[in-house]
Amino acid sequence: MSYDLKDVKMPVLTGRALRAFAAALDNPLTGPALVKKLMRDAGVPRLAELKDLPAPLFLPLAPAPEPGPEPSEKKPRLASRLVAIFRRDPAPAAPPEPPAGPAPFRSAADFAAAYKRGETTPEEVAERFLAAYAELNPRLHAFIAVNPDDVRAQAAASAMRWRRGEPLGPLDGVPVAVKDELDVDGYPTTAGTAFLKEVASEDATAVARLRAAGALIVGKANMHELGANPTGHNPHHGHARNPYDPARDTGGSSSGPAAAVASGLVPLALGADAGGSIRVPAALTGVYGLKPTFGGVSEHGAYPVCWSVAHVGPLGASAADVAMAHRLIAGPDPKDPHTASAPVPEAPDWNREDLAGLKVGVWPEWFDHAEPDVVAVARAALARMEEAGAEVVEFELPGLDDARVAHAVTVLTEMGRSFQRTQPHWRELAPATRINLKIGQSAAGADYVAAQQVRARTVAALDEVLGRVDLIATPTAAIPAPLVPKAAEPDGISDLGTVTQLMRFIFLTNLTGHPSLSLPAGYTAEGLPVGLQLIGRAWGERTLLEAAWVLERTGERRRPQLFADLLG
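Under the working numbering, the sequence shown is numbered contiguously, ending at residue 569.
The following block contains the structure:
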């Protein structure tokens, strides 16, 4: 079986050339021919030529997990488990408390411990956040909107609960940022645009569940306009900058959440991932990012970017932060029928000392298809997994490039359909966003159906591999954080070659719905973060997070150039 992913070399378009190309696509005389060429160059027509494809799979919903113990033997429900964990009530079935964050970062557990010991208060943390936000955000563009009065009011309420000894849960008073793709009561949901301004009257389900655990929602984080690319470019709200080097990109489209976590402005953030949009920025900024199993976390209250590849998930400073957030936001939601089979996740075993018995799948040709610095760092992280007792098992996956094309067709077609509502504001969109949407709106129905047939074949092939190994390891992105060209201001940039490198390892699980996690693997010679991606079986987030926790204890974490310590 041959490895078939290729490097893509395309002209980089900025400024006048970018605007002219977007205008040519809009022109009814030149647009159709250009779109046809773009489709052909991307390999879309070959999907219709594939033989012996199965019936299409339009939603990658995994079967419900196997039943657990009888009700009398089951662990307490989520709410009671969290109370027991947080208050240290005697409860033999309760998992251990999440560990403190890896220095120099602060975790949610660090904040809760500081409040419990009386070393600081949520009100003091809120003031430190607002001061750090005023100093750092003009350079990072991590946030689109912050309401200081609301932040202070939430902090005051949290401080009162702590004084009474009645915190709501493990996140009470802990600062949390929310990608501006998700509704937050009292804030507009812009999805990174300049024209979507409707103020939300309620929280998205995932936000509401974090707030119910006491989260201090500090504001709406920046994102690539409409989530249309895996970069931090946004001409309306500022191009998100990487805290490790402000001249470089954060990755995206959850660019603001990643920058906020990496810079210490928050230990935890909510993002959304349809094409690597959580994992790519997590890798490029040196934090953790989890794309859960499809249907595991409610999409209610998320701007409808696309339907069959979209996932809401957390970014955090530590494996424990991501695990805690995932446990809080996951599970069935009557407002999202796709979550009907979703289990409430079990907490990872924070006492696990090694990875003995774990089989890690690696396809060498795929793993090594990245810049040498990235491969070296990712290989070193893989070696640490072996030192911890894991067994590396080589595998191959047929039709990987077909899966790449199928994902592109799926996400662009769904985005093109979803964003038809924005047609009256078409000229207010950035040129690069218009290019992607125009391609999606021009896709044929037959191409979309063929892509879903490829999806069905790919799910079966990946399940077969994951029947032989416990998880799969790859780099998260094939390159470290790229420089933001000066020419990208103010209109953005179209750089298909870089986009392909950022997405080389991550598109697969958006198409198949399997969970995948980006964890900090180390740093390049230039000091730029590199991420290692772990891919698991459906509903297998616990295995991913336990592996990440074992690696976290042996890995190096460096403080970025732009950083705020809200606990002093």
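We put the beta carbon where it would ideally sit given N, CA and C, even for glycine.
Residue i vs residue j beta-carbon contact at 8 Å
i, j, result
"Ala321", "Trp351", "yes"
"Pro483", "Asp250", "yes"
"Asp492", "Gly174", "no"
"Val281", "Pro247", "no"
"Leu546", "Pro349", "yes"
"Ala63", "Gly514", "yes"
"Arg418", "Leu467", "no"
"Glu372", "Ile480", "yes"
"Val267", "Val219", "yes"
"His238", "Leu60", "no"
"His370", "His240", "no"
"Leu533", "Arg129", "no"
"Pro244", "Phe506", "no"
"Gly252", "Ala489", "no"
"Leu58", "Val460", "yes"
"Gly265", "Arg107", "yes"
Cβ-Cβ separation, residue j to residue i (assumed contact under 8 Å), whole Å
i, j, result
"Glu366", "Tyr4", "4 Å"
"Ser309", "Leu217", "Ser309 to Leu217, Cβ: 33 Å. No contact."
"Leu535", "Leu512", "Not quite, the Cβ-Cβ distance comes to about 17 Å (not below 8 Å), so this is no contact."
"Asp184", "Ala205", "4 Å"
"Ile145", "Thr191", "6 Å"
"Val152", "Ala127", "5 Å"
"Pro521", "Pro293", "That belief does not hold up - the Cβ atoms of Pro521 and Pro293 are roughly 19 Å apart, past 8 Å."
"Gly523", "Val531", "6 Å"
Proximal residues to residue i (C-beta, below 6 Å), its chain only, five neighbours per side dropped
i, result
"Ala326", "Leu269 and Pro315"
"Asp402", "Asp5 and Leu6"
"Gln421", "none"
"Gly332", "Ala343 and Val345"
"Leu359", "Ala391 and Asp471"
"Pro432", "Leu19, Arg20, Ala23 and Asp492"
"Arg560", "Pro105"
"Leu14", "Phe22 and Ser495"
"Asp337", "Ser299, Glu300 and His301"
"Ala65", "Ser342"
"Ala324", "Pro349 and Leu546"
For residue i, the three-state DSSP class (helix, strand or coil)
i, result
"Arg494", "In the sequence as displayed, the identity of residue 494 is Ile instead of Arg. Strand, per DSSP."
"Asn243", "strand"
"Thr519", "In the sequence under discussion, the amino acid at residue 519 is Ser, which differs from the Thr named in the question. Reduced to three states, the DSSP call for Ser519 is strand."
"Leu266", "coil"
"Phe196", "coil"
"Gln534", "strand"
"Ala549", "helix"
"Glu392", "strand"
"Val288", "coil"
"Val485", "coil"
"Leu356", "coil"
"Gly32", "helix"
"Pro91", "Its pLDDT being 34, under 50, Pro91 is placed unreliably by the model, and the measurement read from it follows with that caveat. The answer is coil: DSSP assigns Pro91 none of H, G, I, E or B."
"Ala303", "strand"
"Ala433", "helix"
"Glu71", "Caution applies to Glu71, whose pLDDT of 39 falls short of 50 and renders its modelled position unreliable; the model cannot decide the point."
"Pro349", "coil"
"Asp173", "coil"
"Pro315", "strand"
"Leu329", "helix"
"Tyr524", "strand"
"Pro561", "coil"
Close Cβ partners of residue i (< 8 Å) along its chain, the five nearest in sequence each way excluded
i, result
"Ala56", "Gln454 and Ala457"
"Glu395", "Gly362, Val363, Trp364 and Pro365"
"Arg600", "Any answer about residue 600 is impossible in this case: the structure gives the chain only from 2 up to 569."
"Tyr449", "Val410, Thr411 and Thr414"
"Leu430", "Thr194, Glu226, Leu227, Thr423 and Leu438"
"Glu199", "Pro189 and Thr190"
"Arg353", "Glu547, Trp550 and Val551"
"Gly187", "Asn148, Asp151, Val200 and Ala201"
"Gly569", "Thr121 and Arg129"
Residues near residue i in its chain [Cβ-Cβ closer than 7 Å; skip 5 each side]
i, result
"Ala43", "Val406 and Ala409"
"Asp355", "Ala389, Gly390 and Val551"
"Pro577", "With the chain represented from 2 up to 569, any question about residue 577 goes unanswered, as that position is not in the structure."
"Val9", "Leu497, Gly498 and Thr501"
"Phe196", "His426 and Glu429"
"Ala157", "Glu124"
"Glu397", "Met2 and Trp364"
Is it true that the stretch 549-558 meets the stretch 95-114, where meeting means three or more beta-carbon pairs spaced less than 8 Å apart? yes
Report yes or no: do three or more beta-carbon pairs, one from the stretch 246-266 and one from the stretch 158-166, lie closer than 8 Å? no
Touching by the beta-carbon criterion (3+ pairs, under 8 Å), the stretch 215-230 and the stretch 173-181: Counting Cβ pairs under 8 Å, three or more are found: they touch.
Check whether the stretch 25-34 touches the stretch 500-515, counting contact only when three or more Cβ pairs, one atom from each stretch, lie closer than 8 Å. no
Does the stretch 438-448 come within contact of the stretch 28-41, defined as at least 3 CB pairs closer than 8 Å? yes
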